[in-house]
Amino acid sequence: MKYFFCLLPFLLVCCTSKMNIEEQYEETYQLKLKENNLLINSLQKNLNDKISNQFDLLNSKKIQKCDSISKEYFDYLQTVEKEIEINGFEIFFEGDDYSKKGKTYIEESKKYLTEIERLTESENLIERMNLIFNTKEIEPYNDGMYFYYLDYYFKGFPKIQSIAFINDRRKAILEFENELIDELIIRSK
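So this is what it looks like as structure tokens:
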């Protein structure tokens, strides 16, 4: 049922509209961004409640560290999202090579993942975070042909798709932070 409601806006746009396919994609991604931003606001409120009600000093420091690492990366991605909105995926490239911003994106993603992994003992959480934030080369067809991360996810795609990709990463940061803080709170009891 949940999937039906997720597909409903897309179906309504596709079936009742005289928009071309690009406009339909644009509209669908706009709806996804709107939904993500509502979820991001809700996750941030939830995090603020958890952090403000934390009194255990040992885990409080870990929670503050988790929050600090997550906020820094979240804010960085928010800046990237705004830059993509203006200039598109091209911010990541100079010709066929990564630009300074492209290299910084890869470095910041690796830094976030490494620092957050140090705070958890959950192998499952680490594995899931690696699925989302890993920036290694991509082998989509298991045929030995690899694509560079930024090429695979950004190069040649419309601005709105790149924005939605970054926005999803911002949402994932908050979801994982909520989960990690829950883990730290439970461990302290």
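Each position in the sequence shown, counted from 1, maps to that position plus 20 in the working numbering.
For every residue, glycine included, the Cβ atom is placed at its ideal position computed from N, Cα and C.
query                                                                                                                                                : result
Give the straight-line distance between the Cα atoms of D117 and P160, rounded to the nearest whole angstrom.                                        : 21 Å
Below 8 Å, how does it come out for the stretch 102–121 and the stretch 171–179: are there three or more Cβ pairs, yes or no?                        : yes
Three-state secondary structure (DSSP) at E157?                                                                                                      : coil
Grab me the residues of N104's own chain with a C-beta within less than 7 Å of its C-beta, minus the 5 sequence neighbours each way, in chain order. : Inspection of the sequence shows that residue 104 is occupied by Ile rather than by Asn. Cβ within range, chain order: I111, K179, S182, I183, I186.
Is it true that the stretch 124–131 meets the stretch 192–200, where meeting means three or more beta-carbon pairs spaced less than 8 Å apart?       : no
Take L53 as the anchor and find which of D188, L200, T134 has the nearest alpha-carbon.                                                              : D188
So C86 packs on L145, CB below 8 Å; how close in whole Å?                                                                                            : Actually they are not in contact, since the Cβ atoms of C86 and L145 sit about 12 Å apart, beyond 8 Å.
By DSSP, does E141 sit in helix, in strand, or in coil?                                                                                              : coil
How far does the alpha helix (DSSP H) with Y172 in it extend, from its first residue to its last?                                                    : 169–173
Between the alpha carbons of Y166 and L97, how many angstroms are there, rounded?                                                                    : 25 Å
Of all the options N162, M149, Y169, E147, which has the alpha carbon lying nearest to the alpha carbon of K156?                                     : Y169
How big is the Cα-Cα spacing for I71 and Q84?                                                                                                        : 8 Å
Ends of the alpha helix (DSSP H) at I206?                                                                                                            : 179–208
DSSP state of Y118, grouped into three classes?                                                                                                      : strand
Along the alpha helix (DSSP H) that carries D69, what are the first and last residues, could you check?                                              : 41–72
Considering only their Cβ atoms, is the gap separating E135 from I106 smaller than 8 Å?                                                              : no
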